[in-house]
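Visitor: Starting off with a structure, shown below.
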Amino acid sequence: MNNEKRHMGLKTLNRASNTVIYILLVIISVIWLLPFVFIVFQSFRVESTWQVGYVIPQQWGLQNYINLWNSDFKRWYLNTFIIALASAVLVTVIQLCMSYTLSRFRFKMRGPLMRFMLILGMFPGMLTMIILYRVLADLGLTQANAVPGLILVGVASSGMGYYVSKGFFDTIPKSLDEAARVDGATRFQVLYKIILPLAKPIVIYTILTAFMGPWGDFVFARYVAMGTSAGYNVAVGMYSWLTNDQINSWYTTFCAGGVIVALPVTILFMCLQKYYVEGVTGGAVKG
Amino acid sequence: MKRYSDMEYLRLSKWNKFVYKLVSFLVSIPLGIGHFFVKIWKGIKEFGGKVAAECKDIWTTFVTGDWKTKLSFLVMGFGNLAHGQILRGVMFLLFEVVFIFYMVTTGGYWLSKLDNLGDKGPESVYNAVLDTNTTVFNDNSFKILLYGVLTIFFIIAFIYTWRANVKQNKLINQILKSGKKLKSGKDDLKSLVDDQFHKTLLALPMVGILVFTVMPIVFMVLVAFTNYDGSHNGYSNALFTWVGLKNFGTMFSWTANTSAGLQSYSATFGEILTWTLIWAFFATFTNYFLGMCVAMMINKKGIHLKKMWRTILVMTVAIPQFISLMYVSKMFAQNGLLNQMLMNHGWIKQPLPFWTDPTWARITVIIINIWVGIPYLMLITTGILMNIPADLYESAKIDGANAWQQYRKITLPYMLFITGPYLLTSFTGNMNNFNVIYLLTGGAPTNAAASGAAGSVGYTDLLITWLFKITTGGESLYYLASVVGIMVFVVVALISLVVYNVLPSIKNEEDFQ
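Chains as they are written, first to last, in our numbering: chain D, 1105 to 1391; chain C, 190 to 702.
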């Protein structure tokens, strides 16, 4: 066979497969974005019943956003924001302490400790909901005071999620620590002066995920708030809008709320995307 | 089973190789489980030996020690104080005082009630002032169990500290004998940011885990052996007490309540477990392979705008899941957007039964889960795919391998090796994927024969959503929820155990660094 011809054949094949890929990618992008585009459109729809068979509103308006402002949504948003901020700080500190220690130190209890936490993680967290609720209730941290309660429980148990950042710390060469130790640095100085600057991606990744987590926190938050609107977070509150007896009057407001919740989180995420990707690929897989 | 050597194995036909692998895998499961129990037995023996050695050590420390050592068996930290280690001594002594104070004031009370979780329930008593009967609350089973467990934790901590205190005396004697100087309190504090830095770092996280994870789990596991439920809440209606293994008997009995049209708990458990495993399998592997496909398409040479395609997908990771899940759930509803649009266009006459037909609902959740999961998998796999050495592909091309062969022989093995641990955690994570199921279907459509005192059960319910429904719905059979939770643990542990013994890349942590 003529070599030239074979080469040409490969080229057209390649071009054809690239065209197929482009078509697939466009379809994928449309499928993945469409629901979110729908939400945005419906958030501007003035006719508020949910059972309509169209996406583009017949009547545009800001009515849903005004409804949102007049509802308890403000309170829920503030609650969630406080929880997210607090856990962004505290969860990050706890998880980094945990993962750094388990990655860098070799002490007698390290192996048993990690095995113990692995086994602990096999119990479904849902199981402990009842008792945690009762403990929080005893402390007076339920219903309207749910916010500090949720922060407490979320932060206290966050040490279990050390895997991703430990995986990242494992990739930083140990020879760096050893060199610094030889030069007389204490363990604390090694962490503070050498590891932390190198670990910037994972620190930002942890802050980001810790901040984003509470926005979707649902089951336990609902259990702790126990029907008191003042203690809801956005997920719990907006879930109550989509129950069968509420959905007809609140559906479009739900869409508007979705936009308001998703917008800042998404923008933040897009800005820090680079670190997220580094964290995920560096740490999540190695585990 | 006949074991083949490597050479013999290579000579087998493809089909025989497959059968051989399959059989050896199946054989490895009972072997693995057997191995596990052998390990546990060995562990117990080892533990017994250690305890004996400790006791012996304590005895020799006591016999050979001077009066200071002997006194510090009773007054913790005395040895340290007597030798000028004020900080350590005071800490030990303080702990002992707090412990004794706690045990005398409250701990002893909770401990004494722990045997049957309270004797006297609420009762109606005549109140002369009000001239009517009022309810008087007496024991509180819930608190007895909770504080009983806490007290036992505290006692264990005390024994451990007491042992450390004894060790201190031995250490002091050794150091003094060798003529070195004892560490001062200042040295101790300094070492907390240096040699003992790990203790400083771990202190806070471990306290959190102990109080808010370990203690609740111990408590809830114990609940499985009581009759704690909505009508025995341990306080305002009736006390609950120990019932032994009765609840496990209930869960695994095959007697159905035919008059009420209900099936047995075993049947329900079996059904839900089967679906949970099917769901976890499909949710994990569809996402994994499709996510890898998307990543490879974007990574392919000659595809432009790589960043844009990635950004579009990554954006959907950022949007809180409850928004997208609840929205999509309503979109697929009987009278939701999708059905309405299809009917308006005249493509269908009846709404499609996305959430009302069991099979439709199960397939729909799996498909929507693909929509949820692919961006994340795309992100993970992109990084790994780019790390595969390019010369592997170059030499494969020279040998005339086509794209499929390259994928089968290079990409896939590499990916599976690197992501093995991730696949395992993602499988067990999906088994407990509460949010996706609960927000999409809430477990619907309802399985009438399985619903009853344990709350309403649906065809898409996982064990974890069932656990939640038992807790919050029906007659609040907390003890049954606890049994389900323990079973989830058992299933996850078994799967992990088997996978750990089969997968090479998890076994050795240090290899990976």
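Glycine is no exception: its CB is placed at the ideal position from the N, C-alpha and C atoms.
Computed from a predicted model, the values in this text were never measured in an experiment.
For residue 312 of chain C, name the three-state secondary structure that DSSP assigns.
Guide: The residue you call residue 312 of chain C lines up with position 123 of the second sequence. Strand.
Visitor: Measure the CB-CB distance between residue 311 of chain C and residue 324 of chain C and report whether it falls below 8 Å.
Guide: Position 122 of the second sequence, counting from 1, holds the residue named residue 311 of chain C. Position 135 of the second sequence, counting from 1, holds the residue named residue 324 of chain C. Yes; because the gap between Cβ atoms is below 8 Å, this pair is in contact.
Visitor: List the residues of chain C whose Cβ lies closer than 9 Å to the Cβ of residue 1323 of chain D, in chain order.
Guide: Counting from 1 along the first sequence, the entry for residue 1323 of chain D is found at position 219. Under the 9 Å cutoff, chain C gives 623, 624, 627, 657.
Visitor: Along the alpha helix (DSSP H) that carries residue 325 of chain C, what are the first and last residues, could you check?
Guide: The residue given as residue 325 of chain C occupies position 136 in the second sequence. Element bounds for residue 325 of chain C: not the alpha helix (DSSP H) but the beta strand (DSSP E), 321-325.
Visitor: Measure the CB-CB distance between residue 1335 of chain D and residue 1251 of chain D and report whether it falls below 8 Å.
Guide: Locating residue 1335 of chain D in the first sequence gives position 231, where the first residue counts as 1. Locating residue 1251 of chain D in the first sequence gives position 147, where the first residue counts as 1. Yes.
Visitor: Looking at C-alpha atoms only, which residue of C:450, C:417, C:436, C:636 is the closest neighbour of residue 428 of chain C?
Guide: For the purposes of this step, residue 428 of chain C is taken as the residue at position 239 of the second sequence. Among C:450, C:417, C:436, C:636, the Cα nearest to that of residue 428 of chain C belongs to C:417.
Visitor: Ignoring anything shorter than 3 residues or poking outside the stretch 333-377 of chain C, list the beta strand (DSSP E) runs there in chain order.
Guide: Taking only runs of at least 3 residues, no beta strand (DSSP E) segment lies wholly in the stretch 333-377 of chain C.
Visitor: Beta-carbon within less than 6 Å of residue 662 of chain C's beta-carbon, same chain only, minus the 5 sequence neighbours each way: which residues are those?
Guide: Working through the second sequence from its first residue, we reach residue 662 of chain C at position 473. Cβ neighbours of residue 662 of chain C beyond the five flanking positions: 644.
Visitor: Got a sec: is the Cβ-Cβ distance from residue 671 of chain C to anything in chain D below 8 Å?
Guide: In the second sequence, residue 671 of chain C corresponds to position 482, counting from 1. Closer than 8 Å to some Cβ of chain D, the Cβ of residue 671 of chain C qualifies, so yes.
Visitor: Identify the continuous alpha helix (DSSP H) that holds residue 224 of chain C and give its terminal residues.
Guide: Here residue 224 of chain C refers to the residue found at position 35 when the second sequence is read from its first residue. Where residue 224 of chain C is concerned, the enclosing alpha helix (DSSP H) stretches over 203-253.
Visitor: Any contact between the stretch 327-335 of chain C and the stretch 363-374 of chain C? By contact I mean 3 or more CB pairs, one from each, below 8 Å.
Guide: Taking 8 Å as the limit for Cβ pairs, the verdict is that the stretch 363-374 of chain C does not touch the stretch 327-335 of chain C.
Visitor: Which class does residue 1347 of chain D belong to by DSSP, given the choice of helix, strand or coil?
Guide: As a working note, residue 1347 of chain D is residue 243 in the first sequence. Residue 1347 of chain D falls in the coil class under three-state DSSP.
Visitor: Considering Cα atoms alone, identify which of D:1258, D:1219, D:1150, D:1375 is closest to residue 689 of chain C.
Guide: For the purposes of this step, residue 689 of chain C is taken as the residue at position 500 of the second sequence. When only C-alpha atoms are compared, the closest one is D:1219.
Visitor: So, is the C-beta of residue 1370 of chain D closer than 8 Å to a C-beta in chain C?
Guide: Taking the first sequence and counting its residues from 1, one reaches residue 1370 of chain D at position 266. By this cut-off, residue 1370 of chain D is an interface position.
Visitor: Enumerate in chain order the residues of its own chain whose CB-to-CB distance from residue 555 of chain C is below 8 Å, with the five nearest sequence positions on each side excluded.
Guide: For the purposes of this step, residue 555 of chain C is taken as residue 366 along the second sequence, with counting starting at 1. The answer, listed in chain order, is 468, 471, 472, 475.
Visitor: Looking only at its chain, what residues have a beta carbon closer than 7 Å to the beta carbon of residue 437 of chain C, apart from the 5 residues adjacent to it on each side?
Guide: As a first step, residue 437 of chain C must be located in the second sequence, where it is residue number 248. The residues are 672.
Visitor: Residue 618 of chain C: which of C:635, C:678, C:544, C:589 sits nearest, CA to CA?
Guide: Stepping through the second sequence from its first residue, residue 618 of chain C is reached at position 429. Residue 618 of chain C has its Cα closest to that of C:678, out of C:635, C:678, C:544, C:589.
Visitor: Going by beta-carbon coordinates alone, are residue 651 of chain C and residue 620 of chain C separated by less than 8 Å?
Guide: Within the second sequence, the letter at position 462 stands for residue 651 of chain C. Within the second sequence, the letter at position 431 stands for residue 620 of chain C. Yes, they are a contact pair.
Visitor: Quick check on the burial criterion: 16 or more other C-beta atoms within 10 angstroms. Buried or exposed for residue 1180 of chain D?
Guide: Your numbering for residue 1180 of chain D matches position 76 in the first sequence. The residue is buried, with at least 16 neighbouring Cβ atoms inside 10 Å.
Visitor: Assuming contact is defined by CB atoms lying nearer than 8 Å, are residue 1319 of chain D and residue 519 of chain C in contact in what I supplied?
Guide: Indexing the first sequence from 1 puts residue 1319 of chain D at position 215. Indexing the second sequence from 1 puts residue 519 of chain C at position 330. Cβ atoms of residue 1319 of chain D and residue 519 of chain C: not closer than 8 Å.
Visitor: Name, please, each residue of chain C whose Cβ falls closer than 9 Å to the Cβ of residue 1096 of chain D.
Guide: Since the displayed chain D opens at 1105 and closes at 1391, residue 1096 of chain D lies outside it and no answer follows.
Visitor: Looking at the secondary structure, which residues open and close the alpha helix (DSSP H) in which residue 387 of chain C lies?
Guide: Within the second sequence, the letter at position 198 stands for residue 387 of chain C. Run containing residue 387 of chain C: 386-398, per the alpha helix (DSSP H) assignment.
Visitor: Quick one: what's residue 1149 of chain D bridged to in DSSP?
Guide: The count along the first sequence starts at 1 and reaches residue 1149 of chain D at position 45. Note: residue 1149 of chain D sits in a beta bridge opposite D:1164.
Visitor: Pull up the distance between the alpha-carbon of residue 553 of chain C and that of residue 514 of chain C, whole angstroms please.
Guide: Locating residue 553 of chain C in the second sequence gives position 364, counting from the first residue. Locating residue 514 of chain C in the second sequence gives position 325, counting from the first residue. Distance between the alpha carbons of residue 553 of chain C and residue 514 of chain C is about 12 Å.
Visitor: Using a Cβ cut-off of 8 Å, pull out every chain C residue sitting near residue 1201 of chain D, in sequence order please.
Guide: One-based indexing of the first sequence puts residue 1201 of chain D at position 97. Those within 8 Å of residue 1201 of chain D in chain C are 390, 391, 393, 394.
Visitor: What residues from chain D crowd round residue 377 of chain C, counting only those whose CB sits closer than 9 Å?
Guide: Start at 1 with the first residue of the second sequence, and residue 377 of chain C comes out as number 188. Residues of chain D passing the Cβ test: none, with the nearest at roughly 14 Å.
Visitor: In the DSSP assignment, what are the bridge partners of residue 418 of chain C?
Guide: As a first step, residue 418 of chain C must be located in the second sequence, where it is residue number 229. For residue 418 of chain C, which the question treats as bridged, DSSP gives the partners C:421.
Visitor: Return helix, strand or coil for residue 299 of chain C, following the three-state DSSP convention.
Guide: In the second sequence, residue 299 of chain C corresponds to position 110, counting from 1. In this structure, residue 299 of chain C counts as helix in the three-state DSSP scheme.
Visitor: State whether the stretch 630-639 of chain C contacts the stretch 598-611 of chain C, with contact taken as three or more CB pairs (one from each stretch) at a distance under 8 Å.
Guide: With a cut-off of 8 Å, the stretch 598-611 of chain C and the stretch 630-639 of chain C do not count as touching, because too few Cβ pairs lie within range.
Visitor: Thinking residue 1195 of chain D and residue 1314 of chain D are a contact (beta carbons under 8 Å), I'd like their distance in whole angstroms, please.
Guide: As a first step, residue 1195 of chain D must be located in the first sequence, where it is residue number 91. As a first step, residue 1314 of chain D must be located in the first sequence, where it is residue number 210. Between residue 1314 of chain D and residue 1195 of chain D the Cβ distance is about 4 Å, and since that is below 8 Å, they are a contact.
Visitor: Would you mind stating whether residue 1383 of chain D and residue 1272 of chain D have Cβ atoms separated by less than 8 Å?
Guide: Numbered from its first residue, the first sequence carries residue 1383 of chain D at position 279. Numbered from its first residue, the first sequence carries residue 1272 of chain D at position 168. The answer is yes: Cβ separation under 8 Å.
Visitor: Keeping to the same chain, check which residues put their C-beta closer than 6 Å to that of residue 1263 of chain D; ignore five residues upstream and five downstream.
Guide: Within the first sequence, the letter at position 159 stands for residue 1263 of chain D. For residue 1263 of chain D, where only same-chain residues beyond five positions count, the Cβ hits under 6 Å are 1198, 1202.
Visitor: With DSSP run on the structure shown, which of helix, strand or coil describes residue 1246 of chain D?
Guide: As a working note, residue 1246 of chain D is residue 142 in the first sequence. Residue 1246 of chain D falls in the coil class under three-state DSSP.
Visitor: Could you check if residue 573 of chain C is buried or exposed, using at least 16 other CB atoms within 10 Å of its CB as the buried criterion?
Guide: The residue labelled residue 573 of chain C in the question sits at position 384 within the second sequence. By the neighbour-count rule (16 or more Cβ atoms within 10 Å), residue 573 of chain C is buried.
Visitor: Residues of chain D with CB closer than 9 Å to the CB of residue 307 of chain C, please, in chain order.
Guide: Mapped onto the second sequence, residue 307 of chain C falls at position 118. What residue 307 of chain C touches in chain D: nothing, since even the nearest Cβ is about 16 Å away.
Visitor: Closer than 9 Å by beta-carbon distance: list the chain C residues that pair up with residue 1343 of chain D, in chain order.
Guide: Mapped onto the first sequence, residue 1343 of chain D falls at position 239. Here the neighbours are 511, 515, 628.
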